[in-house]
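Counted from 1, the sequence shown has number 341 at position 341 by the working numbering; the numbering is strictly sequential.
Notes follow the structure.
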Amino acid sequence: MRYHGRTLAATGYIERSGIGTTDAERFLRDACTLTNWILSCEDTPMASLGDPPRIVHVINSLQMGGAETMLARLVEAGNSPFQNVVLPLRGGGGVEQRVKQTGTLARPVGVDGPAVLSSPFRLARRLRDLQPDLIQGWLPQSNLAVVAVAPLTGLRVPVLWNVRWTLYDFQTERLHNQLLLRLSGLVAGRVSRIIFNARIAVPQHARIGYPSDKAVVIPNGFDLTALSPDEEARATVRHEMAIPGDAVVVGMFARYHPMKAHSASLVAAARMISMGVDAYFVYAGTGVENSNLSLVQRVDELGLRERVRLLGERQDAARLYTALDIYWMSSWAHGRGEGFPNTVAEAMACGVPCVVTDVGEAPEIVGDTGLVVPAGDPLAFGDASAHMVANRDMLRSLGRAARQRVERNYSIESVVRQYWDLYSSQLESMAAI
1 MRYHGRTLAA TGYIERSGIG TTDAERFLRD ACTLTNWILS CEDTPMASLG DPPRIVHVIN
61 SLQMGGAETM LARLVEAGNS PFQNVVLPLR GGGGVEQRVK QTGTLARPVG VDGPAVLSSP
121 FRLARRLRDL QPDLIQGWLP QSNLAVVAVA PLTGLRVPVL WNVRWTLYDF QTERLHNQLL
181 LRLSGLVAGR VSRIIFNARI AVPQHARIGY PSDKAVVIPN GFDLTALSPD EEARATVRHE
241 MAIPGDAVVV GMFARYHPMK AHSASLVAAA RMISMGVDAY FVYAGTGVEN SNLSLVQRVD
301 ELGLRERVRL LGERQDAARL YTALDIYWMS SWAHGRGEGF PNTVAEAMAC GVPCVVTDVG
361 EAPEIVGDTG LVVPAGDPLA FGDASAHMVA NRDMLRSLGR AARQRVERNY SIESVVRQYW
421 DLYSSQLESM AAI
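Now the structure itself:
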């Protein structure tokens with residue numbers, strides 16, 4: 001029975017009555033704790049003797065995104081020494097079915113985003129029902145929420161945060177986000193550890209109160225059996241998109257958002273065409289589609305209609321990468337920015353070299369296997385890309401090196417092990433108290 005560290009409401013009678021701590025009285029106290037737990041449970045099975053420690057991951061939602069995808073990979077990992085439970089604040093999303101298939105998905109709390117801060121009891125009740133040994137928050141609202149409700153749960157367990165973004169200019173954030181980050185900075189000292197997926201984010205967040213001595217950097221990890229070069233898929237995907245087999249194909253897979261700088265990337269595309277490069281540009285992601293009139297207008301203004309493919313949100317990114325010669329990340333440093341861009345490492349795993357801006361962890365991911373360009377300079381971005389494709393032998397060599405770099409640094413097995421080691425150390429520290 002995993003109840004160590006629990007101090008539930010049912011023990012209140014014993015404490016108020018002044019009963020001491022003889023063996024019989026301790027037994028009665030534990031029995032009351034167990035009874036309270038059973039009576040308060042909703043739809044979560046009770047843990048049995050010998051169950052592995054339970055990690056509850058609280059996340060805003062399971063919409064398609066980098067944090068959500070990394071969480072899915074973590075709970076998909078086999079031979080876990082932990083019992084993982086994923087508790088979304090709200091239901092739905094492109095990653096929900098994937099998590100559901102692992103058997104780790106709990107019923108959503110049903111609180112929309114930051115509104116959880118005004119309705120803490122619902123989340124507290126769900127956490128108490130789930131009886132975690134460790135609570136892991138993901139993303140800003142969920143991080144703040146788990147700290148806010150922790151005193152209401154009666155649980156005495158480690159609480160960890162996961163920070164998946166960089167913070168370049170706090171003042172450019174919307175007022176709501178500024179408040180959220182300020183509040184987070186004020187209470188960050190209460191958490192056991194703060195996981196960052198980008199090294200640069202540690203000093204950035206220290207400036208608003210996140211304690212650096214609690215920071216742990218764990219990169220994102222990738223299933224390298226699902227991500228690999230595939231010549232047959234390369235030819236098939238190019239044929240589907242009506243792109244000549246010998247043309248240069250550049251890809252960028254990112255949701256439509258100002259931070260992603262789609263417009264700047266189109267300027268870089270026009271620059272490459274003006275330099276005589278026979279190139280096509282494949283864009284995918286939420287909102288990146290022909291129904292996006294402002295995006296299509298920008299494509300037309302630059303004379304790129306015949307050269308650009310807008311695919312919208314896709315579930316087959318691994319297949320699309322194989323058709324590329326170069327992958328782009330054109331994001332710029334503004335407010336909360338890129339942390340660890342998954343798509344860069346995914347493309348590299350498929351043997352595709354990358355041209356990226358100097359934002360977030362992207363320069364570290366790419367290393368010497370690609371090119372790094374200052375953010376906000378689309379002409380330099382286009383020039384760097386044209387230089388890279390000028391020598392096809394060098395391009396292939398960079399692609400092989402990119403794959404090897406991901407194998408060496410970012411395999412899902414090594415990254416999951418880092419999470420497991422951290423969780424184990426936190427549980428051991430709590431047990432020693």
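By construction, the Cβ of each residue, glycine as well, lies at the ideal position given by its N, Cα and C atoms.
Task: Cβ shell of Leu398 (< 6 Å), same chain only, five flanking positions each side left out - done: On the sequence shown, residue 398 is found 398 positions in, with the first residue counted as 1. Only Pro353 and Thr369 meet the Cβ criterion.
Open item on the list: What does the Cβ neighbour count give for Gln171, buried or exposed, with the cut at 16 atoms within 10 Å?
Closed with: Here the question's residue 171 lines up with position 171 in the sequence shown. With fewer than 16 Cβ atoms within 10 Å of its Cβ, Gln171 is classed as exposed.
TODO: State yes or no: is the C-beta of Gly209 within less than 8 Å of the C-beta of Trp328?
DONE: Numbered from 1 along the sequence shown, position 209 holds the residue referred to as residue 209. Numbered from 1 along the sequence shown, position 328 holds the residue referred to as residue 328. For Gly209 and Trp328, no; Cβs fall outside 8 Å.
Open item on the list: What does the Cβ neighbour count give for Glu438, buried or exposed, with the cut at 16 atoms within 10 Å?
Closed with: A query on residue 438 cannot be resolved here, the shown segment of the chain reaching from 1 to 433 and no further.
- [ ] For the alpha helix (DSSP H) containing Arg182, list its first residue and its last residue.
- [x] On the sequence shown, residue 182 is found 182 positions in, with the first residue counted as 1. That run of the alpha helix (DSSP H) goes Leu175 to Val187.
TODO: Verify whether the separation of the beta carbon atoms of Ile136 and Ile55 is less than 8 Å.
DONE: What you label residue 136 is simply residue 136 of the sequence shown in a count that begins at 1. What you label residue 55 is simply residue 55 of the sequence shown in a count that begins at 1. The residue you asked about is not Ile; residue 136 is Gln in the sequence shown. Yes, the pair counts as a contact, with Cβ atoms nearer than the cut-off.
Task: Beta-carbon proximity check, Ala148 vs Val249, cutoff 8 Å - done: Start at 1 with the first residue of the sequence shown, and residue 148 comes out as number 148. Start at 1 with the first residue of the sequence shown, and residue 249 comes out as number 249. Cβ atoms of Ala148 and Val249: not closer than 8 Å.
Task: Beta-carbon proximity list for Val366, same chain, < 7 Å, skipping 5 on both sides - done: Mapped onto the sequence shown, residue 366 falls at position 366. Contacts found: Val344, Cys354, Val356 and Val372.
TODO: Alpha carbon to alpha carbon, how far is Val217 from Arg255? Give it in angstroms, no decimals.
DONE: Along the sequence shown, read from residue 1 onward, the residue named residue 255 stands at position 255. Along the sequence shown, read from residue 1 onward, the residue named residue 217 stands at position 217. Those two C-alpha atoms are separated by around 25 Å.
TODO: Identify every run of the alpha helix (DSSP H) within the stretch 336-363, keeping only runs that are complete inside it and at least 4 residues long; order them along the chain.
DONE: 342-349
Task: Which residues DSSP lists as bridging Gly285, in chain order - done: As a working note, residue 285 is residue 285 in the sequence shown. In the DSSP output, where bridge partners are listed per residue, Gly285 has none listed.
Task: Residue range of the alpha helix (DSSP H) that includes Arg122 - done: As a position in the sequence shown, residue 122 is number 122, starting the count at 1. Where Arg122 is concerned, the enclosing alpha helix (DSSP H) stretches over Pro120 to Leu130.
- [ ] Mark Phe121 as exposed unless 16 or more other C-beta atoms lie within 10 angstroms of its C-beta, in which case mark it buried.
- [x] In the sequence shown, the residue the question calls residue 121 occupies position 121. Counting Cβ neighbours within 10 Å, Phe121 comes out exposed, since fewer than 16 surround it.
Task: Simplified DSSP assignment, three categories, for Pro158 - done: Locating residue 158 in the sequence shown gives position 158, counting from the first residue. Correct three-state label for Pro158: coil.
Task: CB of Glu346 within 8 Å of CB of Val359, strictly - done: For the purposes of this step, residue 346 is identified with residue 346 of the sequence shown, where counting begins at 1. For the purposes of this step, residue 359 is identified with residue 359 of the sequence shown, where counting begins at 1. For the pair Glu346 and Val359, the CB atoms are not nearer than the 8 Å cut-off.
TODO: Starting from the C-beta of Arg403, find all residues in its chain whose C-beta is less than 8 Å away, skip the five residues before and the five after it, and write them out in chain order.
DONE: For the purposes of this step, residue 403 is identified with residue 403 of the sequence shown, where counting begins at 1. Within the same chain, Arg403 has close Cβ partners Ser228, Pro229, Met348, Ala349, Cys350 and Gly351.
TODO: Would you identify the three-state DSSP class for Ile273, choosing helix, strand or coil?
DONE: Within the sequence shown, the letter at position 273 stands for residue 273. Ile273 falls in the helix class under three-state DSSP.
TODO: Determine the DSSP secondary structure at Ala72, reduced to helix, strand or coil.
DONE: Looking up residue 72 in the sequence shown gives position 72. Helix.
Task: Which listed residue (Leu160, Arg199, Ile200 and Phe340) has its alpha carbon closest to that of Ser184 - done: The residue you call residue 184 lines up with position 184 of the sequence shown. Residue Leu160 is the option with its Cα nearest to Ser184.
Task: Lys260 classed as buried or exposed, judged by whether at least 16 other C-beta atoms fall within 10 angstroms - done: In the sequence shown, the residue the question calls residue 260 occupies position 260. Answer is buried; the Cβ neighbour count reaches 16.
Open item on the list: By alpha-carbon positions, which one of Val237, Asp325 and Leu224 ends up nearest to Asp393?
Closed with: Taking the first residue of the sequence shown as position 1, residue 393 is located at position 393. That would be Asp325, whose Cα lies nearest to the Cα of Asp393.
TODO: Enumerate in chain order the residues of its own chain whose CB-to-CB distance from Pro203 is below 8 Å, with the five nearest sequence positions on each side excluded.
DONE: Along the sequence shown, one-based indexing puts residue 203 at 203. Taken in chain order, the residues that qualify are Ser212.
TODO: Within the same chain, show all residues whose beta-carbon is closer than 7 Å to that of Val437, passing over the 5 residues directly before and after it, in chain order.
DONE: No answer is possible for residue 437: it lies beyond the span of the chain, which begins at 1 and ends at 433.
Open item on the list: Measuring alpha carbon to alpha carbon, tell me which residue in Pro219, Pro341, Gln178 and Arg174 is nearest Ile194.
Closed with: Within the sequence shown, numbered from 1, the residue matching residue 194 stands at position 194. Per the Cα distances, Pro219.
Task: Span of the beta strand (DSSP E) around Leu371 - done: Within the sequence shown, residue 371 is the residue found at index 371, counting from 1. Leu371 to Val373 is the extent of the beta strand (DSSP E) around Leu371.
- [ ] Please list, in chain order, all residues of the same chain as Ala401 whose beta carbon is under 6 Å from its beta carbon, the five residues on each side excluded.
- [x] Sequence index remark: in the sequence shown, residue 401 carries index 401 (1-based). The residues are Thr369.
TODO: Report all residues from its chain with a CB closer than 7 Å to the CB of Gly434; omit the five preceding and five following residues, and keep chain order.
DONE: One cannot answer for residue 434 here, as it falls past the ends of the chain, which runs 1 to 433.
Open item on the list: By the three-class DSSP mapping on this structure, what secondary structure does Phe82 have?
Closed with: On the sequence shown, position 82 is the one that residue 82 refers to. Coil, per DSSP.
TODO: Mark Ala226 as exposed unless 16 or more other C-beta atoms lie within 10 angstroms of its C-beta, in which case mark it buried.
DONE: Taking the first residue of the sequence shown as position 1, residue 226 is located at position 226. Burial call: exposed.
Task: Alpha-carbon spacing of Ser119 relative to Ile59, whole angstroms - done: As a first step, residue 119 must be located in the sequence shown, where it is residue number 119. As a first step, residue 59 must be located in the sequence shown, where it is residue number 59. Cα to Cα, the separation comes out at about 16 Å.
Task: Beta carbon of Pro378 nearer than 8 Å to that of Ala362 - done: The residue you call residue 378 lines up with position 378 of the sequence shown. The residue you call residue 362 lines up with position 362 of the sequence shown. The answer is no: Cβ separation not under 8 Å.
Task: Classification of Ala432 by the beta-carbon crowding that lies within 10 angstroms, buried from 16 upward - done: The residue given as residue 432 occupies position 432 in the sequence shown. By the 10 Å Cβ count, Ala432 comes out exposed.
Task: Cβ neighbours of Asp30 in the same chain (closer than 6 Å, five flanking residues each side left out) - done: Stepping through the sequence shown from its first residue, residue 30 is reached at position 30. Confidence in Asp30 is poor, its pLDDT being 40 and thus under 50, which makes the residue's placement unreliable; the coordinate value appears in the next sentence. Nothing listed; no residue qualifies.
Open item on the list: Within the continuous beta strand (DSSP E) that includes Thr153, where are the two ends?
Closed with: In the sequence shown, counting from the first residue as 1, residue 153 sits at position 153. Looking at the DSSP string, Thr153 is not in any beta strand (DSSP E); the run it does join, the alpha helix (DSSP H), is Pro140 to Thr153.
Open item on the list: Using the three-state DSSP reduction, which class does Leu320 fall into: helix, strand or coil?
Closed with: Along the sequence shown, one-based indexing puts residue 320 at 320. Helix at Leu320.
Task: Buried or exposed by the 16-neighbour rule on C-beta atoms within 10 Å, applied to Arg207 - done: To locate residue 207, count along the sequence shown from 1; it is residue 207. Result: exposed.
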